[in-house]
Amino acid sequence: MIIAIDGPAASGKGTLAKRLASHFGLPHLDTGLLYRAVARALLDFDHPLTDEKAAVRAAQALDRVHLDESRLRGREMGEAASVVAAIPAVRSALVDWQRAFARRPEGAVLDGRDIGTVICPDADVKIFVTATPEERARRRFRELAGRGEDVTLDAVLDDIRKRDARDSGRSTAPLVAAADARLLDTTTLDIEQAFKAAVAFVDGAGRDGAKAKS
Ligand code: DC
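Letter by letter, the sequence shown follows residues 32 to 245 of the working numbering.
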């Protein structure tokens, strides 16, 4: 079973994907980390984030070891990842890696921006997770402040708005819900409520799939 989770920054999709993966006993890939690792490689070698050749080289050289660092989760890297993710050649360089992960025999949970639309258009379940920008900013602010980052709520809201505009406005694989995705608005839900709703979507998709086959 392949579960595709998409949504904007700080919508709760990562936490949800992790919980679903552990509930259904599936491996999980946070695809945002791939773009964050490409951005980090460019920043570490003082390349501009728009240097396409260097970005593609970094994307081709990625392996799992590169995805483990806590620095990848910081505010600076989210912003930078959104810039490199708008380069079509970088996206192409990462497609096979993500599809290979999804094609494991037991299935997988992937979360990102284009999983249901581009990476796994045939996923068994697609969930598009949203929340208002203000609520997402509050969540991201709490997370960053909890990790000791020196940020203000206003700055985080500003980042979120910029990232939404960039991720939704790019020409290749923009952030958009797949036509057959279930929408999950988590603005007024806590993680437990969001998780239960997502499990219900997955269980429902299983029943629908079984009905369609019988
Ligand atoms: O999910 P995240 O915040 O870690 O993602 C960081 C950036 O990476 C995001 O702003 C856009 C990009 N991204 C993408 O374009 N496609 C994905 N599948 C995942 C992330």
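Yeah, the Cβ is synthetic: ideal placement off N, Cα and C, and Gly gets one too.
Being a predicted model, the structure only gives us computed values, none of them experimental.
Check                                                                                                       : Outcome
Thr29, DSSP secondary structure in three states                                                             : Outside the displayed span of the chain (32 to 245) sits residue 29, for which this structure offers no information.
Ala209 vs Pro152 beta-carbon contact at 9 Å                                                                 : yes
Leu4 beta carbon near ligand 1 (any heavy atom closer than 8 Å)                                             : Only positions 32 to 245 of the chain appear in this structure, which leaves residue 4 out of reach.
Ordered list of beta strand (DSSP E) runs contained in the region 59-106, each at least 3 residues          : 59-61
Sub-9 Å separation of Leu74 and Leu93 beta-carbons                                                          : no
Cutoff 6 Å; reference Arg67; Cβ partners in own chain excluding five residues on either side                : Leu103, Met108, Ala112
Cβ neighbour criterion (16 or more within 10 Å) applied to Leu214                                           : exposed
Buried versus exposed, by CB contacts within 10 Å (16 or more), Ile222                                      : exposed
Pro79, buried or exposed, once every other Cβ within 10 Å from all chains shown has been counted against 16 : exposed
Distance cut-off 8 Å: Leu247 Cβ against heavy atoms of ligand 1                                             : With the chain covering only 32 through 245, there is no way to say anything about residue 247.
Helix, strand or coil at Ile118 according to DSSP, with G and I counted as helix                            : coil
Three-state secondary structure (DSSP) of Thr183                                                            : coil
Helix, strand or coil at Thr161 according to DSSP, with G and I counted as helix                            : strand
Option in Ala90, Asp77, Arg106, Leu206 with minimal Cα separation from Ile158                               : Leu206
Proximity test, Ile158 beta-carbon vs ligand 1 heavy atom, cut-off 8 Å                                      : no
Test item: CB-CB of Val160 and Asp37 under 9 Å                                                              : yes
Cβ-Cβ distance between Arg106 and Leu184 below 9 Å                                                          : no
Three-state secondary structure assigned by DSSP to Leu125                                                  : helix
Pick from Pro136, Arg130, Phe226, Phe55 that is closest to Gly147, judged by C-alpha positions              : Arg130
Distance cut-off 8 Å: Thr163 Cβ against heavy atoms of ligand 2                                             : As presented, the structure is devoid of ligand 2, carrying ligand 1 as its sole ligands.
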